[in-house]
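Below is the structure:
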């Protein structure tokens with residue numbers, strides 16, 4: 873909770889961490905002898921794409 877001039881409200885912060893979490897978990901897999909396999913999901917139609925910010929404007933995640 874944060875005390876604003878107009879009263880007390882909940883404060884929320886959102887950070888753009890790019891792939892920090894995924895990268896942190898997968899960076900040293902070989903050092904710890906960890907292997908991961910990804911099975912293709914043939915039923916999914918969702919695609920995740922990050923557009924080039926210099927070329928595209930607007931939404932970066934599709």
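Residue numbers (this note's numbering): 873 to 934.
Just so it is clear, CB atoms sit at the ideal spot from N, CA and C, and this is done for glycine as well.
Keep in mind it's a predicted model, so treat the numbers as computed, not measured.
Compare the C-alpha of residue 910 against each of 886, 898, 874 and name the closest. Closest option to residue 910, judged by alpha-carbon separation, among 886, 898, 874: 898.
Proximal residues to residue 844 (C-beta, below 8 Å), its chain only, five neighbours per side dropped: What the structure shows of the chain is the stretch from 873 to 934, and residue 844 is not part of that stretch, so it cannot be assessed.
Residues in its own chain within less than 7 Å of residue 879 by CB, not counting five upstream and five downstream? Excluding residues within five positions, none has a Cβ falling inside 7 Å.
For residue 908, which residues in the same chain have their Cβ closer than 8 Å to its Cβ, ignoring the five residues on either side in sequence? Contacts found: 898, 901.
In chain order, each beta strand (DSSP E) run of at least 3 residues that lies wholly inside the stretch 889–924: none
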